[in-house]
Amino acid sequence: MFRIVLTILVLIGSAHLALAGRVTLEVATEKGVPLTSTHKWVQALQSAGFDDVRLRSGNSGDATDIVDKGSGNYHIVALLTPREVLVTPGGQFRLTDVAGMRAWLEKVRAGGKQELQRRESVFGLTSKEFIALFDKLAPAVGVKTKDTTAFETMQAINKRVNIQFRAAPDVVARMRQGKVLDELEAVSCGTAVAAMVRPLGLAMVPRREAGGEVELHIIDSSAAKNPWPVGWAPDGNPGQVAPTMFQYLEVEISDIPVQQATEAIAARVKLPLLWDHNGITAKRIDIATAKVKHPDQRTFYKKLLDTILFQAKLTLEIKVDEAGHAMIWITPLGK
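So the sequence shown is numbered by UniProt numbering: it starts at 1 and just counts up by one.
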């Protein structure tokens, strides 16, 4: 499934490049620009990828501009200052910054002024793009996940959300083999993907190529500088977000494995339970065998969990998924 998607995207990308229009550049040289440097500038700009470059003497009325001539064709007016800085609409470049010129030119080809005026916020997306992505990832997974393969769950998620996932063949192979360790049926798709790929050494990262749509890439976690998180900090206080966690009960626990006890409590408060399997493994905590206890007394669920998790060197955090629904996230102490 992922291989097919990747092949199609590569072909679409090639077709896009083949259909790209021409971008011509007119450089007005201000008074004081050395004549000996103009030839070097022409070479650098041609190397950057402009289809046609023309230098002329500047005048007092010159200003940077980008003219959309239709069908992907653009004409750029830039200024070359006496300090040998090329000033373009939305950019400034030195003679040696060919890579920067090339990146700027790619944005122009992708969408002219609109692409140049993008204001990115988180994950390299605009605020509007991030909100749209967040909303798309809000539907619940809707199927049982624990002990399925990550690939099987990803197939179910693909049917739930209107967004493209991309992964290299070696990543797909890891997802075909790796098991989902938590029950994510009631968790939103974004948080679920982030949680299920994390123990496999993978991460989900939003990306948008210039002029393209936002896509979600599943990559090796070592290459993910800013991965999609497993849940988000809630806006309200814990009592507002997860009121069942503050209901009282009479309880006694006698030497029960922390995983068994915690899962039973999560079922009682009706909240999804997600474990930081990476951190727990790193700390060498065996949640299946580490025993916990609690005296016979009245308490509330949040305090009960805090007490037994502390005995296993664990702690909890109440988070929310993209739909704003509360969940329990358990990590090692001191992380």
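Note that beta-carbon positions come from the ideal geometry of N, C-alpha and C, so glycine has one too. It should be emphasised that the depicted structure is a prediction, and the values quoted were computed from it without experimental measurement.
For the 7 angstroms CB-CB criterion, Val-27 and Leu-80 form a contact.
Among the bridge pairs identified by DSSP, Glu-183 is matched with none. The C-beta separation of Asp-321 from Gly-231 comes to about 6 angstroms, placing the pair in contact by the 8 angstroms criterion. For the 7 angstroms CB-CB criterion, Ala-48 and Met-101 form a contact. Listed as beta-bridge partners of Glu-317 by DSSP are Trp-329. Rounded to whole angstroms, the separation of the alpha carbons of Pro-89 and Glu-213 is 24 angstroms. Leu-273 and Glu-263 do touch by the CB rule: their CB atoms are close to 6 angstroms apart, below 8 angstroms. Proximity of the stretch 193-208 to the stretch 290-301 falls short of the contact definition, fewer than three beta-carbon pairs being nearer than 8 angstroms. Only exposed fits Leu-249, as fewer than 16 other CB atoms lie within 10 angstroms of its CB. Under the DSSP assignment, Glu-152 falls in the alpha helix (DSSP H) whose first and last residues are 150-160.
In the structure shown, the three-state DSSP call for Gly-21 is coil.
Remark: C-beta atoms of Ser-188 and Ala-138 approach each other more closely than 7 angstroms.
Around the beta carbon of Glu-129, 16 or more other beta carbons lie within 10 angstroms, which makes this residue buried.
For His-39 and Thr-126, the gap between their C-alpha atoms comes out near 38 angstroms. When secondary structure is reduced to three states using DSSP, Ala-140 falls in the strand class.
No Cβ-Cβ contact shorter than 7 angstroms links Val-241 with Ile-328.
Its Cα nearest to that of Asp-296, the residue Ser-254 stands out among Gln-117, Asp-68, Thr-331, Ser-254. Taking the C-beta atoms as reference points, Thr-36 is found no nearer than 7 angstroms to Leu-55. Pairing Ile-330 with Asp-276, the inter-Cα distance amounts to about 6 angstroms. CA-CA distance, Leu-309 to Ala-192, rounds to 23 angstroms.
For Tyr-301, same chain residues with a beta-carbon under 8 angstroms away, outside a window of 5 residues either side, are Thr-244, Met-245, Phe-246, Gln-247, Leu-249, Ile-265, Arg-268, Val-269 in chain order. Under the three-state reduction of DSSP output, Asp-170 falls in the helix class. Under DSSP, His-217 forms a beta bridge with Arg-166, Val-205. For Ala-223, there is no enclosing beta strand (DSSP E), since its DSSP letter is neither H nor E. Measuring C-alpha to C-alpha distances from Arg-298 to each of Val-251, Glu-84, Lys-283, Val-122 identifies Val-251 as the nearest.
Within a 10 Å sphere around the beta-carbon of Asp-147 sit fewer than 16 other beta-carbons, which makes this residue exposed. For Ser-121, the closest C-alpha among the options Met-154, Ala-261, Arg-208 is that of Arg-208.
Taking C-beta separations shorter than 6 angstroms and ignoring five residues to either side along the sequence, the partners of Leu-86 in its chain run Ala-78, Leu-80, Phe-93, following chain order. Under the three-state reduction of DSSP output, Pro-243 falls in the helix class. Close CB contacts of Leu-314 within its chain, under the 8 angstroms cut and outside five residues either way in sequence, are with Val-258, Ile-280, Ile-285, Ile-287, Ile-330, Thr-331, Pro-332, Leu-333 (chain order). Leu-184 is the residue among Pro-227, Leu-184, Ile-131, Leu-25 whose C-alpha sits nearest the C-alpha of Met-154.
At the C-beta level, Gly-190 and Ala-150 stay beyond 7 angstroms of one another.
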